[in-house]
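Participant: Below you will find the structure I want to go over with you.
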Amino acid sequence: MNADIVDLRAFYHTELGRLAAHSITMALTPIWQALPEERLAGLGYCLPYLDRFAGEAERTMALMPASQGAINWPPLGPSATVLVHEEELPLPDASIDRVLLVHALEFAEAPRETMRELWRVLAPGGRVVIVAPNRRGVWARLEHTPFGNGRPYSKGQIIELLRETNFTPAAFAEALFFPPSKSRAVLKLRSSFERSGRTFWPAFAGVNIIEAQKRLYQGLPVAARAARKVLVPALAPQGVPTTRARHRG
């Protein structure tokens, strides 16, 4: 099941969503190097995280998959949102320094093609940071949050995917050890759950976070891409005669 942009935005406006974003941001910070003069792109629904890190970058853009939909970002100033197909990004080769994936990999129709496309647009030495639901975590088993939709990944599966697509895993983190409950009593214990989880049960985190660097010394295999269905907007309902046809009558 794919996520819809309306549902994603609504989730992050709830208390549970705000606390989830805070926990992930705190886990990202130790592995997120400074971004001065770097070009940052977020793929998926990354707005709560781009709001935190965009100020450090030279420029930032939000790449939103067509299957999810798009909304304007940032709310003030020129829009930096682009509606994209994950496998055909409208970016030149080696044009981005860092890519953040949130609510992206688990919904990708062709994860390897998506990662190869990210390899193409990343500059030499560029880095990708993946935040994906952990298949062992409770968040992936409950569908009332976006992390319970799509395909969850184990850490080993993400590492294998990265190596197959010419990335070298470099840093790891976990987040969302607190249960995805709407109970205020449970949410008040979030900090305690996060601290204890990182120490005693890291394998059962709600999300895995992995940073990887673009690898340059190995060529990528050339593979033909499957043809994609292209949807063209209908200018008139089917069955309605055109102006020329009516004039002939």
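The sequence shown begins at 2 in our numbering and counts up by one.
Here a beta-carbon is modelled for each residue, glycine too, at the ideal position from N, C-alpha and C.
#1: Assess contact between the region 124–135 and the region 87–101, defined as three or more Cβ pairs (one per stretch) separated by less than 8 Å. Is contact present?
#2: Taking 7 Å as the limit between beta carbons, can you name the residues of its chain near residue 171, skipping five residues before and five after?
#3: Work out the CA separation of residue 194 and residue 41 for me, nearest whole Å.
#4: Looking only at C-alpha atoms, which of 147, 180 and 196 sits nearest to residue 11?
#5: Compute the distance between the beta-carbons of residue 166 and residue 120, then report whether it is under 8 Å.
#6: Determine the direct distance from the alpha carbon of residue 192 to that of residue 17, and round the result to whole angstroms.
#7: Per DSSP, what kind of secondary structure is residue 228 in: helix, strand or coil?
#8: Figure out for me which residue from 80, 86 and 54 has the closest Cα to the Cα of residue 69.
#9: Restricting to runs no shorter than 4 residues, where is the alpha helix (DSSP H) found entirely within the region 63–135?
#10: Which of helix, strand or coil does DSSP assign to residue 175?
#11: So does the region 204–211 actually touch the region 135–142, counting three or more Cβ pairs closer than 8 Å?
#12: Counting pairs of beta carbons, one from the region 42–49 and one from the region 60–69, are three or more of them closer than 8 Å?
#13: Which whole-angstrom value describes the C-beta separation of residue 188 and residue 20, a residue pair presumed to lie in contact below a C-beta threshold of 8 Å?
#14: Note down the Cα distance separating residue 144 from residue 134, rounded to an integer number of angstroms.
#15: Give a yes or no on whether the C-beta atoms belonging to residue 28 and residue 57 are separated by under 8 Å.
#16: Can you round the beta-carbon distance between residue 123 and residue 95 to whole angstroms, since I take them to be within the 8 Å contact cut?
#17: Do residue 54 and residue 74 count as a contact pair if the criterion is CB distance below 8 Å?
#18: Within its chain, find whatever has a CB closer than 7 Å to the CB of residue 169; leave out the 5 residues flanking it on each side and keep chain order.
#19: Taking just the CA atoms, how far does residue 108 sit from residue 5?
#20: With DSSP collapsed to three states, give me the class of residue 156.
#21: Is the distance from the Cβ of residue 1 to the Cβ of residue 177 below 8 Å?
#22: Report the rounded CA-to-CA distance for residue 112 versus residue 160, giving the unit in angstroms.
#23: CA-CA distance, residue 156 and residue 60?
#24: How many angstroms separate the CA atom of residue 246 from the CA atom of residue 83?
#25: Go to residue 45, then tell me how far its beta strand (DSSP E) extends in each direction, as first and last residue.
#26: If we call anything under 8 Å between Cβ atoms a contact, is residue 89 one with residue 115?
Facilitator: Per the coordinate set shown:
#1: The region 87–101 and the region 124–135 touch, with three or more beta-carbon pairs separated by less than 8 Å.
#2: Indexing the sequence shown from 1 puts residue 171 at position 170. Cβ neighbours of residue 171 beyond the five flanking positions: 212, 213 and 214.
#3: Taking the sequence shown and counting its residues from 1, the one referred to as residue 41 is at position 40. Taking the sequence shown and counting its residues from 1, the one referred to as residue 194 is at position 193. When rounded, the distance between both Cα atoms is 31 Å.
#4: Locating residue 11 in the sequence shown gives position 10, where the first residue counts as 1. Minimum Cα distance to residue 11 is reached at 147.
#5: Working through the sequence shown from its first residue, we reach residue 166 at position 165. Working through the sequence shown from its first residue, we reach residue 120 at position 119. Their beta carbons are under 8 Å apart, which means residue 166 touches residue 120 by this criterion.
#6: Your numbering for residue 17 matches position 16 in the sequence shown. Your numbering for residue 192 matches position 191 in the sequence shown. Approximately 13 Å between the Cα atoms of the pair.
#7: As a position in the sequence shown, residue 228 is number 227, starting the count at 1. Note that residue 228 scores 48 on pLDDT, short of 50, meaning its location in the model is unreliable and no value can be drawn from it.
#8: Reading the sequence shown from its first residue, position 68 is the one you call residue 69. For the residues 80, 86 and 54, the minimum Cα distance to residue 69 belongs to 86.
#9: 112–122
#10: For the purposes of this step, residue 175 is taken as the residue at position 174 of the sequence shown. Three-state DSSP puts residue 175 in a strand.
#11: A contact is defined here as three or more CB-CB pairs under 8 Å, and the region 204–211 meets this definition with respect to the region 135–142.
#12: yes
#13: Position 187 of the sequence shown, counted from the first residue, corresponds to residue 188. Position 19 of the sequence shown, counted from the first residue, corresponds to residue 20. Right, the Cβ-Cβ distance comes to about 6 Å (below 8 Å), so this counts as a contact.
#14: Position 143 of the sequence shown holds residue 144. Position 133 of the sequence shown holds residue 134. Approximately 12 Å between the Cα atoms of the pair.
#15: As a position in the sequence shown, residue 28 is number 27, starting the count at 1. As a position in the sequence shown, residue 57 is number 56, starting the count at 1. No; because the gap between Cβ atoms is not below 8 Å, this pair is not in contact.
#16: Within the sequence shown, the letter at position 122 stands for residue 123. Within the sequence shown, the letter at position 94 stands for residue 95. Confirmed, about 7 Å.
#17: One-based indexing of the sequence shown puts residue 74 at position 73. One-based indexing of the sequence shown puts residue 54 at position 53. Cβ distance not < 8 Å, so residue 74 and residue 54 don't count as in contact.
#18: As a first step, residue 169 is located in the sequence shown; it is residue number 168 there, counting from the start. Only 213, 214 and 216 meet the Cβ criterion.
#19: Counting from 1 along the sequence shown, the entry for residue 5 is found at position 4. Counting from 1 along the sequence shown, the entry for residue 108 is found at position 107. Answer to the nearest angstrom: the Cα atoms are 11 Å apart.
#20: Here residue 156 refers to the residue found at position 155 of the sequence shown. In this structure, residue 156 counts as helix in the three-state DSSP scheme.
#21: Only positions 2 to 250 of the chain appear in the structure, and residue 1 is not among them; the question remains open.
#22: Position 111 of the sequence shown, counting from 1, holds the residue named residue 112. Position 159 of the sequence shown, counting from 1, holds the residue named residue 160. When rounded, the distance between both Cα atoms is 13 Å.
#23: Against the sequence shown, residue 156 aligns to sequence position 155. Against the sequence shown, residue 60 aligns to sequence position 59. The straight-line gap from Cα to Cα measures roughly 30 Å.
#24: Within the sequence shown, numbered from 1, the residue matching residue 246 stands at position 245. Within the sequence shown, numbered from 1, the residue matching residue 83 stands at position 82. Low local confidence applies: a pLDDT of 45 at residue 246 is under 50, so the model's placement there is unreliable, with the coordinate-based value given in what follows. Using only the alpha carbons, I get a separation of about 39 Å.
#25: Counting from one through the sequence shown, the residue named residue 45 turns up at place 44. 40–45 is the span of the beta strand (DSSP E), which, as asked, contains residue 45.
#26: Position 88 of the sequence shown, counted from the start, is the residue given in the question as residue 89. Position 114 of the sequence shown, counted from the start, is the residue given in the question as residue 115. No, they are not a contact pair.
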